[in-house]
Amino acid sequence: MRPTRATVLLTAGLVTFLGTPAATAAETPSTLYVNSREGSNCTDSGPGSQAVPYCTISAAAKVAGPGQTVKIGMGVYPEALDLDRSGTPGKPIVFDAELADRQPAISVKSLTVNGASHLVVRGLRPNTVRVSGSADIELDRLRTSGGHVPGVVIGGASTDVRLTRSHATDVRIEGGSQRTLLGRNELVGVDGPPVAAQDAPGTVITNNRLVNDCFASASVTGTSTGSALFNNVVYAYRMTRPCPDGAPVTGIEVAPSAASGTRADSNLLVDGETSWLTAYKWAGTTYETAAALKAATGQGEHDILVPSAMWVVDGNDGSPIIDSGDPTAPGVLPTDERDFPTADDPRQPNTGKNGGYIDRGNRETQDSLSTASVEIEENWAPVGTTVTAKAITDSRWGGLTYTYDFGDGTAPVTTKDRTAQHVYAKPCECTVKVTAVTGVGVRATGETTTRATAPGPLTAGFTTQAVLPTSDNPIGYTRPLTYEFDPRPATAAPWPVQRVDVDFGDGTYAHSDHMDRAYAHTYAQPGDYKVTFTLGDKKGAVNTVSRNVRVDYAPSGYAAVEPFRVLDTREGGSLQAGSATPITLPVGIADPKHPQSGSMAAVVLNVTVTDASEDTHLSVWPSGQPRPITSNVNVKAGGTASNTVTVPVGADGKILAQLNAGKAALIVDFVGYYQPNIGRRFTPQTPTRVLDTRTTGGKLGGGQTRTVKVAGVNGIPADATAVAFNLTSTGTTQNTHVIAYPDPAKRTATSNLNPEPGVDKSNQAIVPVGADGTVTFYNNAGATDLILDAVGYYAKDGKALFTPVVPTRLADTRTTGKMAPGATTTVAGIPANALGAVVNITATDTVGAGFLTAHADGTARPEASSLNTRPGVTVPNHVTTPAAGGRIAIWNSWGGSNHVIADLLGYFTQG
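Going by our numbering, 459 is the number at position 250 of the sequence shown; the sequence numbering is gapless.
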């Protein structure tokens, strides 16, 4: 137990800290500044202000007067610091260097104090310290590195010099110096004793750690009478080199000439090797134990001798240095070398003089309080319930004071108990904070939340939101049709919910024992789903809530890429009707050569079917969904046909393709993708002719290219990243393919159109724009004319975002009657707010060659064509067209009657 009078005894033994008398506010000294760092605006000829500091300490030392403080900032000071100016009693000149983590960090070559008085020097790292002919000098928190010369020499009849809280080697006190104090230092012997006082009466060596090899750890000789050695830790250890005379190390040595009036007590001596340490040599006689010294001299009554053990020296738990010193010893300081105060370890008996608890040595053992947290019993309960908060800390000592703030505006509660109780008067999501404080003011804070709820029945609810990607990072992904359901904000639960069961409405479920999160789920296809939450609480109450949730694709921007091939079955077999073929898309790092976003919602592909065994058509749709009745590519036996396809990405990053009949080879080129929160918006425009080789430049020959300016002209802005074209071939001399690509120096291994002799063929192409605003076209063989009509563009300041849909049939005149030449049919079923639509239009059962033109319903028909019809041939085309009021119009030219089929692939709305 700790005697209640221990604090009084400790305080009674403390000297005035660091020897500087307390000053009133009116006596606060002015300050000079030193700062050599770059940008400090320093000059040695300036005022030494904070704005214009001195560059060197020596410049400030030349002008500093009584009561002034010289603040030394971090920097490089390669100077020998000589101090010879004096303060006055109560108004010392103070040199105060900035510390780093409580340690001195500012180096100087050396520190010399000569003929000065009333000085304080704190926080420097000189190689050596020399004090001569000076009085009332305080050297605090220094660190010397003198090598093989004494680190500190105090001589020249100096008086009242104090070396405190420092690290030094081979300290020498000599030359008639009087009343020197060494307190709370770590002193190391290199070429001699850690501290040697010769002809230095009244030397006080208190609360130091003395580390020694071959010499006496503390040597008091000559006329150093009336000296004192208290509360020191003497640690003797053996180096690899032998001692000069082979003699044992002496712990404390007091010469006969210095023994008069010299006292020693409450020291702890650690033998570096058993029987290697001679504990004392006092007045010429050696003593191996404290008891022997006490019996002969009356000194060392409370000294302790222990064998070698670092845990003793370092003051670890259970070390005898803890709480065993003499608080009334001469020269006791209230703080240790780290500026920590004297502290009472409640686990250790107070064995110091008169029940005191100061530690021996230079360091005061502290409680290791660094973290605190708080736990709440019944941290979710109705108002009026008594809740208990419990503090948890890493304190080794205990005995802390705790302050609890329950976060509801009531007064904090301060207690010595680890727990505190509270009753909330109104509902809140409150933050409970605890602050734990040791007896010396070290504190740690922790917090947690608690929920005070309104009384009432358990009522389940949930919120719904689409989970959208935020980046195009290939690593990680957010799949389309992912939704998040959160019961927390919509549920009234007076007691903790301990059961959560979720039915997502598509045959999948989730369960948790806590209502502590939202539930994300990816659906395989859009639609209406009945989502159900069943909750159960701590008191056994159960409640269920169900709601229909509409799941749809989200509006997306377009990311153009340099086209590349993702599939060519000519290299490994053909497609066979009757089963769907999965196609792996370059989602994320699925294609290491072409890493793309892991979160794309829909893709734009150029799909080519060739070598068909019979007339057939190909359907493309998202994986995980049923095959739609729509089609994308129609091909005749032995022929080649291609079309642009826009299709949502399946939950597994794949799409499916299936032939209606026969078999054929399939080629798929990746053109770009749509994704929420990235990419460019689309601006639809009335079809605008960009190129017609029949009137400009002539046919494009086999192996030839033609580069066309497309951005910055014809209403397309210069910063457009991609342009949507309707590409038509005519007058073709032989079967060939045409490629559209952005960089004329890097032709892609893809295709956009497959021209045939005697046939006008068209296909929509979404082509990235090159750096100079151009697109290049390449013809593989023969010669062909190309007609290029722009139908819209993608740019940063575009108007609309694209929402993909599962391919959906909007119109089929085979059930309503054939379109006559010159007739227009209106196609509805597009959202009313759509600015444009992406539609796969197919012409079939055609009587004569002609074309179809799609445009917004109720607007003037443009001159450009959307699809070229051919007698006896079924022709599809991917068409991007403006829309109005949820409708588009399709006009049949005068070439002959047609059946027209329109399948919706997606639509554009204001972004």
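Quick reminder that beta carbons are idealized off the backbone N, C-alpha and C, glycines included.
Cβ neighbours of residue i in the same chain (closer than 8 Å, five flanking residues each side left out)
i	result
K318	P287, E288, A289, L290, P335, N336
T544	F226, R374, R393, P550, T551, E573
T1017	P837, T839, G1038, D1112, L1113
Under the three-state DSSP convention, the category residue i falls into
i	result
E383	coil
V1056	coil
H1108	strand
E823	coil
G570	coil
P896	strand
V522	helix
E780	helix
T506	helix
S466	helix
G564	helix
S267	helix
A445	strand
A990	coil
A620	coil
A980	coil
A799	coil
A314	coil
A866	strand
A273	coil
A750	coil
A929	coil
A501	helix
G910	strand
T353	coil
Sequence-distant residues of its chain with Cβ nearer than 7 Å to residue i (five each side left out)
i	result
R1070	T1062, H1064, W1100
K908	T902, G940, A992, T993, D994
L1044	P893, K1008, A1009, P1091, A1092, F1117, T1118, Q1119
E1072	none
Proximity to residue i [Cα-Cα], best of the options
i	options	result
N563	A552, T537, T892	T537
A733	S433, H720, F713	F713
T1035	V760, S245, A1058, A1092	A1092
G1120	S765, G1081, G979, G911	S765
P857	T916, A811, P1040, R627	A811
T1078	F1117, V758, I1050	I1050
V186	P402, M1028, I1039	The question about residue 186 has no answer here: the residues shown for the chain are numbered 210 through 1120.
K642	G807, A789, S582, R1018	S582
R898	V919, N1086, N559, R915	V919
I567	P256, L578, D532, S579	D532
T353	V397, V370, T389	V397
T1022	A980, T297, S579, A1032	A1032
A653	G607, L578, Y692, R726	L578
A500	P703, G1026, A473, A366	A473
P1030	A1058, A1004, L1019	A1058
T1134	V758, Q707, S475, V770	One cannot answer for residue 1134 here, as it falls past the ends of the chain, which runs 210 to 1120.
T240	A366, Q508, Y987, G274	G274
Anticipated Cβ contact below 8 Å, residue i with residue j, distance rounded
i	j	result
S822	A866	About 16 Å separates the two Cβ atoms, so there is no contact after all.
L794	G862	6 Å
M852	P1085	For the record, residue 852 in the displayed sequence is Asn; it is not Met. With a Cβ gap of about 5 Å, N852 and P1085 count as contacting.
A467	T430	6 Å
N441	L419	6 Å
Y882	V813	7 Å
I403	V380	What sits at residue 403 in the sequence shown is Pro, not Ile. Correct: roughly 7 Å between the Cβ atoms.
Proximal residues to residue i (C-beta, below 6 Å), its chain only, five neighbours per side dropped
i	result
T1053	T1083, H1108
N588	T659
D878	P772, R774, N815, T959
G1067	A1093
Per the contact definition of three or more C-beta pairs closer than 8 Å, is the stretch 680-697 in contact with the stretch 630-646?
-> no
Is the stretch 732-751 touching the stretch 607-625 in the sense that three or more CB pairs, one from each, lie closer than 8 Å?
-> no
Sufficient close CB pairs (3 or more, under 8 Å) joining the stretch 777-790 to the stretch 841-859 | no
Any 3 or more C-beta pairs closer than 8 Å across the stretch 271-286 and the stretch 300-311 = yes
Spell out a yes or no on whether the stretch 825-842 and the stretch 767-777 are touching, meaning 3 or more CB-CB pairs, one atom from each, closer than 8 Å.
-> no
Would you be able to state if there are at least three C-beta pairs under 8 Å between the stretch 824-834 and the stretch 716-730?
-> no
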